[in-house]
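Protein chains in written order, with my numbering: chain R, 858 to 1074; chain X, -7 to 221.
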């Protein structure tokens, strides 16, 4: 399981906005600055960015097309659009694209809040998964051999690679998986994988509710 | 009385309630409050709404103060605010309290996108999972019922409870699940839920041009022929 550095992209020529985003993301996040959509698209897609801040002024009137292209290329990236256009038709066209909106003049901390929420929500980290698997192992008395099968259950490793790593054959792998699902009292490995990801997410997001309130306190 | 999967619609306007009620009811049960005082009694912290749609026109309270109180009681419930006029302070205030904004007249596309994500959030409060199901629904042409079934699968709801909630027979459920699995090229509801979670939470997700890959089939009991948990 490998860790990837989070990437944020800002599309703007506004030095103040860029600096606000830079200060918000901190030193552990890679910030990429683009002047327009064409320059930004490859930066958003590879490696996948977690968040994009788009300055409406940088899109020169083609905001809706640009946001649609951005969403089509990156279905899950969090997008914040800083707009001066308050027309009803524009705002309603943007909403189904799951784009968050801020209007100029920007309120203090609004960009910071977006960045913090994007980074906090994000993906399930390897650490969260491992922590949850540890809990599961203790709860269901799983052995080290059982725990070693989780990369396969979670689609992080192929059966062939796992067999090679553990030096076992296909029959032993199948037996091990049967033992694992029985110990965890689930019907199959798909259900086990779903439960692990779901419960790790719920466990790690217990703090989300308090975060939402404290962010505004 | 307040179940997960229910939507709360707060509006004085009977015409708007009728217009919005119809598409909302395709996805879920809708309860209506005519004013915030009435809504406040329904928004108790232990109630579990899937989403709240609030009409800010003619509202009997300060919208942003209301959002604050709503968030204190329900930090994660999705909120859609409707208004006739947008202003920078309103847009920024709603953003601060994580409410989406749509201007009247409300298009069905606006409502559907919000409702699909909210249904999923009601079972699993995560933006990425909700967004991914919304994306999947659009790309695969899922019906409201199929989105509901997906949300139940993510919520680990049992077959019996799903049938009771939807008021349908086992055969109807099987038919609807088969249709969903066929559209999503999945073999079981567990497999589909696993793929959605994996794509949304762990792996780097690509646009939905290609079908999902088949799950590794190493089950203790095969899921083939089994259409719901």
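Ideal Cβ positions, reconstructed from N, Cα and C, are used throughout, including at glycine.
Cβ-Cβ separation, residue j to residue i (assumed contact under 8 angstroms), whole Å
i	j	result
residue 49 (chain X)	residue 11 (chain X)	Actually they do not touch by this definition, with Cβ atoms about 14 angstroms apart.
residue 915 (chain R)	residue 868 (chain R)	5 angstroms
residue 44 (chain X)	residue 93 (chain X)	Not quite, the Cβ-Cβ distance comes to about 13 angstroms (not below 8 angstroms), so this is no contact.
residue 866 (chain R)	residue 906 (chain R)	5 angstroms
residue 28 (chain X)	residue 140 (chain X)	With a Cβ gap of about 29 angstroms, residue 28 (chain X) and residue 140 (chain X) do not count as contacting.
residue 909 (chain R)	residue 927 (chain R)	7 angstroms
residue 939 (chain R)	residue 963 (chain R)	7 angstroms
residue 78 (chain X)	residue 91 (chain X)	13 angstroms between Cβ atoms; not a contact.
residue 165 (chain X)	residue 143 (chain X)	Their Cβ separation, rounded to whole angstroms, is 14 angstroms, which puts residue 165 (chain X) and residue 143 (chain X) out of contact at 8 angstroms.
residue 119 (chain X)	residue 172 (chain X)	Residue 119 (chain X) to residue 172 (chain X), Cβ: 22 angstroms. No contact.
residue 1027 (chain R)	residue 102 (chain X)	The pair is not a contact, with the Cβ atoms about 51 angstroms apart (cut-off 8 angstroms).
residue 901 (chain R)	residue 931 (chain R)	5 angstroms
residue 249 (chain X)	residue 23 (chain X)	Here chain X comprises residues numbered -7 to 221, so residue 249 (chain X) is not present and cannot be evaluated.
residue 2 (chain X)	residue 47 (chain X)	6 angstroms
residue 1051 (chain R)	residue 186 (chain X)	4 angstroms
residue 116 (chain X)	residue 147 (chain X)	6 angstroms
residue 1005 (chain R)	residue 1034 (chain R)	The pair is not a contact, with the Cβ atoms about 11 angstroms apart (cut-off 8 angstroms).
Exposure of residue i, with buried meaning 16 or more beta-carbon neighbours within 10 Å
i	result
residue 167 (chain X)	exposed
residue 1047 (chain R)	buried
residue 180 (chain X)	buried
residue 21 (chain X)	exposed
residue 873 (chain R)	exposed
residue 935 (chain R)	buried
residue 965 (chain R)	exposed
residue 1069 (chain R)	Low local confidence applies: a pLDDT of 43 at residue 1069 (chain R) is under 50, so the model's placement there is unreliable, with the coordinate-based value given in what follows. Classification of residue 1069 (chain R): buried, given that the 10 Å Cβ count is 16 or more.
residue 126 (chain X)	buried
residue 913 (chain R)	buried
residue 870 (chain R)	exposed
residue 863 (chain R)	buried
residue 957 (chain R)	buried
residue 97 (chain X)	exposed
residue 1018 (chain R)	exposed
residue 85 (chain X)	buried
residue 106 (chain X)	buried
residue 42 (chain X)	buried
residue 922 (chain R)	exposed
residue 249 (chain X)	Residue 249 (chain X) cannot be examined here, being either before or after the span of chain X that is shown, -7 to 221.
residue 88 (chain X)	buried
residue 63 (chain X)	buried
residue 54 (chain X)	exposed
is_contact[residue i, chain A] using C-beta, thresh 8 angstroms
i	result
residue 914 (chain R)	The structure shown contains no chain A; the protein chains it does contain are R and X.
Alpha carbon of residue i to alpha carbon of residue j, nearest angstrom
i	j	result
residue 960 (chain R)	residue 968 (chain R)	11 angstroms
residue 1053 (chain R)	residue 982 (chain R)	13 angstroms
residue 145 (chain X)	residue 919 (chain R)	39 angstroms
residue 950 (chain R)	residue 1040 (chain R)	50 angstroms
residue 131 (chain X)	residue 175 (chain X)	10 angstroms
residue 6 (chain X)	residue 896 (chain R)	48 angstroms
residue 977 (chain R)	residue 68 (chain X)	14 angstroms
residue 162 (chain X)	residue 149 (chain X)	15 angstroms
residue 954 (chain R)	residue 997 (chain R)	42 angstroms
residue 904 (chain R)	residue 898 (chain R)	11 angstroms
residue 1057 (chain R)	residue 192 (chain X)	14 angstroms
residue 124 (chain X)	residue 1010 (chain R)	21 angstroms
residue 1045 (chain R)	residue -2 (chain X)	31 angstroms
residue 989 (chain R)	residue 1007 (chain R)	11 angstroms
residue 948 (chain R)	residue 1014 (chain R)	43 angstroms
residue 114 (chain X)	residue 1043 (chain R)	24 angstroms
residue 1030 (chain R)	residue 1020 (chain R)	7 angstroms
residue 991 (chain R)	residue 1049 (chain R)	14 angstroms
residue 15 (chain X)	residue 885 (chain R)	44 angstroms
residue 121 (chain X)	residue 188 (chain X)	7 angstroms
residue 56 (chain X)	residue 1012 (chain R)	44 angstroms
residue 888 (chain R)	residue 881 (chain R)	10 angstroms
residue 917 (chain R)	residue 80 (chain X)	20 angstroms
residue 99 (chain X)	residue 971 (chain R)	26 angstroms
residue 36 (chain X)	residue 71 (chain X)	15 angstroms
residue 26 (chain X)	residue 944 (chain R)	28 angstroms
residue 109 (chain X)	residue 1025 (chain R)	43 angstroms
residue 941 (chain R)	residue 1002 (chain R)	58 angstroms
residue 214 (chain X)	residue 58 (chain X)	Caution applies to residue 214 (chain X), whose pLDDT of 41 falls short of 50 and renders its modelled position unreliable; the value that the coordinates give is listed next. Those two C-alpha atoms are separated by around 50 angstroms.
residue 177 (chain X)	residue 911 (chain R)	35 angstroms
residue 170 (chain X)	residue 40 (chain X)	29 angstroms
residue 984 (chain R)	residue 993 (chain R)	14 angstroms
residue 1032 (chain R)	residue 973 (chain R)	44 angstroms
Residues bridged to residue i (per DSSP)
i	result
residue 891 (chain R)	R:868
residue 908 (chain R)	R:865 and R:935
residue 45 (chain X)	X:1 and X:72
residue 940 (chain R)	R:960
residue 23 (chain X)	X:0
Going residue by residue through the segment 47 to 119 of chain X, where are the continuous alpha helix (DSSP H) segments of at least 4 residues, counting only ones entirely within it? 55 to 65, 80 to 88 and 100 to 115
Identify every run of the alpha helix (DSSP H) within the segment 126 to 178 of chain X, keeping only runs that are complete inside it and at least 4 residues long; order them along the chain. 136 to 146, 151 to 158 and 162 to 176
In the segment 1001 to 1061 of chain R, which residue ranges form an unbroken alpha helix (DSSP H) of at least 4 residues, counting only runs that do not cross its ends? 1001 to 1004, 1007 to 1010, 1016 to 1023, 1027 to 1040 and 1046 to 1061
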